[in-house]
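A.B. asks:
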Amino acid sequence: MATITYEEFKIACMEFLESSKKLEDTWKLRTDIQDKDGLCIHKMQCIKRKSSVGHENKTVCKNEEQLKEEEEESSDPSVLESHHPTPFTTYDYHIVYSLSHSVPVLYFNAWHASGQLLTLDEVWEGVEATHREPILNNKWGTLTQTEHPLLGRPYFQLHPCNTAKLMAQVLPQPATGPAGLKMYLTSWLSMFGPPVGLELSLCYFADYQSTQSGCVR
Amino acid sequence: MAEDREILREVWEGRVPVCVQLASEDCSTLSAPDPYYLMVPRLSYLPLVMDKVRKHFLRFISPELHEAEMWLESDGTPLKWHYPVGVLFDLQCGGASLPWALTAHFTHFPEQDLIRCPSREVVESHFMSSLKEADGLKHRGQVITNMQSKDHKQLWMGLCNDKFDQFWAINRKLMESTPEEGFKFIPFRLHSPCQPPLQRLVRPLTPDGRRSTLTDLLTQFLSMSSPEVGGRVVIQGIEAPQDTPLQWLSEHLSHPDNFLHICYIPVAS
Numbered sequence: 001m002a003t004i005t006y007e008e009f010k011i012a013c014m015e016f017l018e019s020s021k022k023l024e025d026t027w028k029l030r031t032d033i034q035d036k037d038g039l040c041i042h043k044m045q046c047i048k049r050k051s052s053v054g055h056e057n058k059t060v061c062k063n064e065e066q067l068k069e070e071e072e073e074s075s076d077p078s079v080l081e082s083h084h085p086t087p088f089t090t091y092d093y094h095i096v097y098s099l100s101h102s103v104p105v106l107y108f109n110a111w112h113a114s115g116q117l118l119t120l121d122e123v124w125e126g127v128e129a130t131h132r133e134p135i136l137n138n139k140w141g142t143l144t145q146t147e148h149p150l151l152g153r154p155y156f157q158l159h160p161c162n163t164a165k166l167m168a169q170v171l172p173q174p175a176t177g178p179a180g181l182k183m184y185l186t187s188w189l190s191m192f193g194p195p196v197g198l199e200l201s202l203c204y205f206a207d208y209q210s211t212q213s214g215c216v217r
Numbered sequence: 001m002a003e004d005r006e007i008l009r010e011v012w013e014g015r016v017p018v019c020v021q022l023a024s025e026d027c028s029t030l031s032a033p034d035p036y037y038l039m040v041p042r043l044s045y046l047p048l049v050m051d052k053v054r055k056h057f058l059r060f061i062s063p064e065l066h067e068a069e070m071w072l073e074s075d076g077t078p079l080k081w082h083y084p085v086g087v088l089f090d091l092q093c094g095g096a097s098l099p100w101a102l103t104a105h106f107t108h109f110p111e112q113d114l115i116r117c118p119s120r121e122v123v124e125s126h127f128m129s130s131l132k133e134a135d136g137l138k139h140r141g142q143v144i145t146n147m148q149s150k151d152h153k154q155l156w157m158g159l160c161n162d163k164f165d166q167f168w169a170i171n172r173k174l175m176e177s178t179p180e181e182g183f184k185f186i187p188f189r190l191h192s193p194c195q196p197p198l199q200r201l202v203r204p205l206t207p208d209g210r211r212s213t214l215t216d217l218l219t220q221f222l223s224m225s226s227p228e229v230g231g232r233v234v235i236q237g238i239e240a241p242q243d244t245p246l247q248w249l250s251e252h253l254s255h256p257d258n259f260l261h262i263c264y265i266p267v268a269s
C-alpha cells in the first residue's frame, strides 16, 4: 500500500506547483479555503467536444489563450458563420488530500458553455473511451458527486479507496524526498486525470529525471 | 458491557419529530396542502424517509414538476441530505421548537449547495464511501475490504429497513479493536454552522498513553475553527460529559456511517 502523509502531500503539491510554473502550466493554489490547515491546488481548462462524433467523445485540450484566439477568429465578419458551434465544457480540477485514505484525491466540476453544471450522467457519458468500461462497470463506486471537503460544495470525485493499492503497483519504492514525492503526485495524476479529460504533459516526468541526474535545463 | 449495548439500541431508536410544508411558490392548487408530520430516525438520511411526503405533495404541484427532485430547507438553509438526519437536526433546530419545521421544494434546486439525489443508489454509494473512509481510519481499511459484498449489503439494508440486529451483526466487526490500543484513528467530523465539517487525525491515546477525551479533541480543534468560547457540543442530541474517552464515544455514539458526528452550536447563532 503506497500512502503518503499530509505533510508529504503538502511538499508534493509545492514541488508540483514549481514544475507547473516552469512548464507554463496553470496549476494554482486555492486561496479561498476557510480551514487554515487545508491545502488544495486547482486548474481550469476548457475542453472542446466534437459533438457530432457521438460516443467517441474525442476531446481536444485548449488553454485559455488558444480559446481566445479562436474567438477572435470566429468574430471575423468574412468568415461564414457555422450553424453548429462546437460545444465546449469548462472543467475545474482540484487536488485535495484524503485523511481517511492517506492519498491524494481528484475532485472536479464541469460546466456547459451556458454556465449549467454537468449532471452526473453527463460526466459518466464523458469519460474517455479507453477508461470507460472499468469506470462505468462500477460507476457508483468510482465516480460520483460528493461534498468537496474544504469548500463544502458539490463536486465530482474519483473515489480514492483503491488509490493506495494502485500506487503500490506503479511505485514499488515508498516515495521519499521532495523529488520522490512530486513523482508520486505526478504518477497519480497521470492515472486519475486522463479518464476525466485532464491530460498531464510528459514534461513533468522529464523535469523529474533532470533533477534526478542533476542536469540543469 | 450489558448496559453499553443498551446504549447502542437507545441511539438506534432516536427519532426527531418533523413537520414538512410545501413551498408556497411550488403549490399550484387554490388551497395549500396540509403539512405532513412524521417521526424520522436520527440515524437515517432524508431521501430514505421522504417518499410518503413527496407522494403527499405531488397532487398539489403542476404535472411538469412531477419528475423534479424534491429538496428540503430548514429556516432558509438547504439541507445537505448526505449528513444523517440527527446531525442536521442538532445543527439546524436543536429542539428549540418542535416539531422541526421543514419546507419541501420542487423548483430552484440549489446546485451550488446540494448534491443531486435522484435515486437511493446515490445515498447507498455515499454511505458505502463513508464506511470505507471510517474503516480506513480505524483499521487501514482492512476490515471493510475483507468483508463480502453481501455484508456491505446487509449494513445498508439494516439501515434502510431500520433493523438494529441485522445492522449490528455486521457493524460489530467494524467496531473491533484491541482493548489496550483502540482504533488507529477516531473517525469523526466536527460540524459547525455555515462551514464544511472539520476532519483531523486523532488517536484514541495521547502521546503519554492517557485515553484521549472529548475535551482533548475540542480544545485542540474548536479554537482553530471558531475563536469564541462557549456554545454547546452535541453528539446524537446529547451533551456528553467532556471527560468521556473518544474511543468509547466512537464505539457507542457513531452514526451507521461509522463516523462520530460532533455538532458545535455557538451561543449566539
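Keeping their order, the protein sequence lines are chains P and L.
Everything in the first sequence is counted per full-length UniProt numbering, starting at 1 for the first residue and increasing by one.
Everything in the second sequence is counted per full-length UniProt numbering, starting at 1 for the first residue and increasing by one.
Built from N, CA and C at the ideal position, the CB exists for glycine as well.
I need the straight-line Cα distance from K131 of chain P to L185 of chain P, nearest angstrom please.
C.D. replies: Taking the first residue of the first sequence as position 1, residue 131 of chain P is located at position 131. Taking the first residue of the first sequence as position 1, residue 185 of chain P is located at position 185. Checking the displayed sequence, the identity of residue 131 of chain P turns out to be His instead of Lys. Approximately 20 Å between the Cα atoms of the pair.
A.B. asks: Can you confirm whether R30 of chain P, when its beta carbon is compared against all beta carbons of chain L, has any partner nearer than 8 Å?
C.D. replies: Walking along the first sequence from the start, residue 30 of chain P turns up at place 30. So, not an interface residue.
A.B. asks: Going along the chain, which unbroken runs of the alpha helix (DSSP H) with 4 or more residues stay wholly within the stretch 10 to 40 of chain P?
C.D. replies: Qualifying alpha helix (DSSP H) stretches: none in this window.
A.B. asks: How many whole angstroms separate the CB atoms of A2 of chain P and M191 of chain P, which I take to be in contact at a CB cut-off of 8 Å?
C.D. replies: Within the first sequence, numbered from 1, the residue matching residue 2 of chain P stands at position 2. Within the first sequence, numbered from 1, the residue matching residue 191 of chain P stands at position 191. Between M191 of chain P and A2 of chain P the Cβ distance is about 12 Å, and since that is not below 8 Å, they are no contact.
A.B. asks: Please give me, in chain order, every unbroken run of the alpha helix (DSSP H) with length at least 4 that falls completely inside the stretch 116 to 199 of chain L.
C.D. replies: You should have 120 to 139, 142 to 146, 149 to 160, 164 to 174.
A.B. asks: Return the first residue and the last residue of the alpha helix (DSSP H) that R132 of chain P is part of.
C.D. replies: As a working mapping, residue 132 of chain P is identified with position 132 in the first sequence. Its alpha helix (DSSP H) spans residues 129 to 137.
A.B. asks: Scan the stretch 45 to 128 of chain L and note each continuous beta strand (DSSP E) run of 3 residues or more that stays entirely inside, going in chain order.
C.D. replies: The qualifying runs are 71 to 74, 100 to 105.
A.B. asks: Drop a sphere of 10 angstroms on the beta-carbon of K80 of chain L, count the other beta-carbons inside from all chains shown, and report buried for 16 or more, exposed for fewer.
C.D. replies: To locate residue 80 of chain L, count along the second sequence from 1; it is residue 80. K80 of chain L should be labelled buried.
A.B. asks: Counting C-beta neighbours from all protein chains within 10 Å, is the total for I241 of chain L 16 or more, i.e. buried, or is it exposed?
C.D. replies: If you number the second sequence from 1, residue 241 of chain L lands on position 241. Reading off the sequence, residue 241 of chain L comes out as Pro, not Ile. Per the 10 Å Cβ criterion, exposed.
A.B. asks: Check the Cβ of L137 of chain L against every Cβ in chain P and list those closer than 7 Å, keeping chain order.
C.D. replies: Mapped onto the second sequence, residue 137 of chain L falls at position 137. Chain P residues near L137 of chain L: S100.
A.B. asks: Could you name the residues of the same chain whose beta carbon sits closer than 6 Å to that of V105 of chain P, not counting the 5 residues immediately before and after it, in chain order?
C.D. replies: Here residue 105 of chain P refers to the residue found at position 105 of the first sequence. Cβ neighbours of V105 of chain P beyond the five flanking positions: V96, S98, P160.
A.B. asks: Could you run through the stretch 128 to 161 of chain P and flag, in chain order, every residue whose CB is less than 8 Å away from some CB of chain L?
C.D. replies: Going along the stretch 128 to 161 of chain P in chain order, one finds W140, G141, T144, Q145, T146, E147, H148, P149, L150, L151, G152, R153, P154, H159, C161 with a Cβ nearer than 8 Å to chain L.
A.B. asks: Strictly under 8 Å for the Cβ-Cβ distance: is D257 of chain L near chain A by that measure?
C.D. replies: Protein chains P and L are contained in the structure displayed, whereas chain A is not.
A.B. asks: By the 8 Å beta-carbon criterion, what residues does the stretch 105 to 125 of chain L contribute toward chain P?
C.D. replies: Against chain P - using a Cβ distance shorter than 8 Å - the residues of the stretch 105 to 125 of chain L are E111, Q112, D113, L114, I115, R116, E121, V122, E124, S125.
A.B. asks: Does DSSP put I262 of chain L in a helix, a strand or coil?
C.D. replies: As a position in the second sequence, residue 262 of chain L is number 262, starting the count at 1. Note: I262 of chain L maps to strand in three-state DSSP.
A.B. asks: So, with DSSP's three-state summary, where would you put A168 of chain P?
C.D. replies: For this step, residue 168 of chain P is matched to residue 168 along the first sequence. Correct three-state label for A168 of chain P: helix.
A.B. asks: Please classify P87 of chain P as buried or exposed, where buried requires at least 16 other C-beta atoms within 10 Å of its C-beta.
C.D. replies: The count along the first sequence starts at 1 and reaches residue 87 of chain P at position 87. It is exposed - the Cβ of P87 of chain P has fewer than 16 other Cβ atoms within 10 Å.
A.B. asks: Does L198 of chain P come within less than 8 Å of chain L when only Cβ atoms are used?
C.D. replies: What you label residue 198 of chain P is simply residue 198 of the first sequence in a count that begins at 1. Output row for L198 of chain P: interface = no.
A.B. asks: For chain P, check one thing: does any of its Cβ atoms lie closer than 8 Å to the Cβ of K184 of chain L?
C.D. replies: Working through the second sequence from its first residue, we reach residue 184 of chain L at position 184. Chain P, which has no Cβ nearer than 8 Å to the Cβ of K184 of chain L, makes this no.
A.B. asks: Is there a Cβ from chain P that is less than 8 Å from the Cβ of Q195 of chain L?
C.D. replies: Here residue 195 of chain L is taken as the residue at index 195 of the second sequence, counted from 1. Yes - at least one Cβ of chain P is within 8 Å of the one on Q195 of chain L.
A.B. asks: Against chain P, does Q199 of chain L count as a neighbour if the rule is that its beta carbon must be under 8 Å from one of theirs?
C.D. replies: Here residue 199 of chain L corresponds to residue number 199 of the second sequence, with the count starting at 1. Yes, Q199 of chain L counts as interfacial toward chain P.
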